[in-house]
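The numbering used here applies: residue 12 is where the sequence shown begins, and numbers increase by one. Virtual Cβ for every residue (Gly too), placed ideally from N, Cα, C. First up is the structure itself, then whatever we jot down about it.
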Amino acid sequence: MAALTRIEEEFRRKTRRSAELARTAIDSLPSGVVHDSRYILPYGIYVERAAGPCKFDVDDNRYIDYFGGHGSLILGHDHPAVRQAIAASLANGTHFAANHPVEISWAEQIRAMIPSAEKVRFVSSGTEATQMCLRLARAATGRKKVLRFAYHYHGWQDDMVSGYSSHFDGSPARGVPADVAANTVLVRSRDIAELQSAIAAHPDIAAAILEPLGASTGMVPIRTDYLAVLRDLTTRNGIVLVFDEVITGFRVSPGGVQAATGITPDLTALAKIVAGGLPGGAVVGRSDLMDLLDFGAAARSGTEKITHFGTYNGNPVSAAAGLAALRYIATTDACGQATLAAEILRRGLNELFESLGVPWAAYGQSSALHIFMNPSRRPCALDGFDPLLIPAEELKARPPETLRLLRLALLVNGVDISGWPGGVTSAVHDAAIIDETLAAWRKSLDMLKADHVIQG
Ligand SMILES: Cc1ncc(COP(=O)(O)O)c(C=O)c1O
């Protein structure tokens, strides 16, 4: 066991100020964190500033960042176009509690980019966006059930938690009423037959919501023909199809997965990149559905309007940041550059795994990176690895201690990955940064081997 602690010892040696802050944080913050995915033992790093593809901690360590602001920073940290827009907006005040001109330009920019966006309603997060999609779908159809897909993440609200990482049997997650959880119809496999029978068995489905690349930004990928079948079945059964493009929007292509595949949902949830790295989100979609939020339309049809407030909806600073980021994405090859960086990284990692005899695989679509840690030691991991053929449970399985030590070793060597494990690249992860990342991975895997955490 002594060898096992060497990675951790090195991590502690390099992050003394972070350790002190973590000891203080625990008094005020449950587990010392504000987001579950930032929880890692012995403690997470405390970051002070970030620029381009890197962030810097309180001990002055530099990390190449693959967390990417939880996916919101396709242009990297502190992009000049976004920074200037934020600075100019801040100088005018932060909240007018009134309409402001930039919200119109922001909405127009979204409509120009996202195929399903006939109208736009701003919210403050992805969780709020997906919740509003369900509200609109339930109001439009008069039905209450929601077709969801095992492991797909749509936020942390009551309707969405069971069947994401647990409670796959439909039981309620702790704190969620059983009758709310009972409204979920959960599709477990990626088989079209299961999808067809779920829809046939439940005539009271209001909405079908999914991550259109597959669970966790394509960690459990689905085929485009699956999306096409879902589009067809939902249309034929009067179900509102919702794409959760909170991560994939403005990343997979400037118009998200829907522009890349040509499959258009009825409603789309957007957040993260849409607000340029600041808090914000949007629900976009068909005019007749969005008109459920419209005073005039409700009066004309004699129906109850859906109430919607939200103190920070479309706040001017997020609007300015979002507009600047989206304009930049629409007029440059930012999505293509981020995708290219991820492709080079995935290829380099697979070569590295092969040369070191580590039976893992790097995969993913667009600018996403996923590491398959091969829990059942499949011989095919390197040769012809196809995540479409591997069960979701296995793609999701992460040996916790190996993952923890991998992340600590990478931090020691100057790379911060997400706990998927993997992350996202940005348009400013250039060739030199990817080379540096691969060198850090090599050192980290050597450390894991030296400590007998992995063989090979
Ligand atoms: C696909 C997806 N949907 C919804 C959400 C929730 O967004 P937020 O964290 O802004 O509430 C996330 C967040 O990671 C996400 O990845």
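Val-113 sits in a helix when the DSSP states are folded into three classes.
Listed in chain order, the non-local C-beta contacts of Thr-138 below 7 Å within the same chain comprise Gly-166, Trp-167 and Gln-168, local neighbours out to five positions each way being set aside. As a beta-bridge residue in DSSP terms, Ser-264 pairs with Gly-260.
Fully enclosed alpha helix (DSSP H) runs of no fewer than 4 residues occupy 298 to 301, 306 to 312, 327 to 342 and 345 to 367 of the region 297 to 378, in order along the chain. For Val-198, no alpha helix (DSSP H) segment is defined; the enclosing uninterrupted segment is the beta strand (DSSP E) at 195 to 198.
Closest by C-alpha distance to Arg-154, out of Gly-186, Ala-218 and Ala-109, is Ala-218.
The beta carbon of Ile-258 sits closer than 7 Å to at least one heavy atom of ligand 1.
Excluding residues up to 5 positions away in sequence, Pro-223, Leu-224, Phe-254, Glu-256 and Thr-259 lie with their Cβ nearer than 7 Å to the Cβ of Val-268 in the same chain. Note on geometry: alpha-carbon atoms of Pro-410 and Ala-161 lie some 20 Å from one another.
The three-state reading of DSSP puts Pro-398 in helix, counting H, G and I together. Within the model, the alpha-carbon separation for Ile-75 versus Asp-190 is close to 44 Å. Placement of the Cβ of His-381 at a distance of 7 Å or more from every heavy atom of ligand 1 is found. Gly-43 carries a helical assignment under DSSP once its states are collapsed to helix, strand and coil. DSSP places Glu-59 inside the beta strand (DSSP E), whose first and last residues are 58 to 62. By the Cβ-count criterion, Pro-41 is exposed, with fewer than 16 other Cβ atoms from all chains shown falling within 10 Å of its own Cβ.
Positions of the beta strand (DSSP E) runs, each at least 3 residues long and wholly inside the region 76 to 153, are given as 130 to 134 in order along the chain. Distance between Leu-456 and Arg-357, taken at the CA atoms: about 15 Å. Residue environment analysis places Gln-142 among the buried positions, since at least 16 neighbouring C-beta atoms fall within 10 angstroms of its C-beta.
By the neighbour-count criterion, in which a residue is buried when 16 or more other Cβ atoms sit within 10 angstroms of its Cβ, Asp-302 is buried. Checking the DSSP bridge columns, you'll see Ile-220 partnered with Val-253. When DSSP assignments are scanned along the region 388 to 467, the uninterrupted stretches of alpha helix (DSSP H) that are 4 or more residues long and fall wholly within it turn out to be 403 to 407, 411 to 423 and 442 to 461. Here Arg-311 is exposed, its C-beta having fewer than 16 other C-beta atoms within 10 Å.
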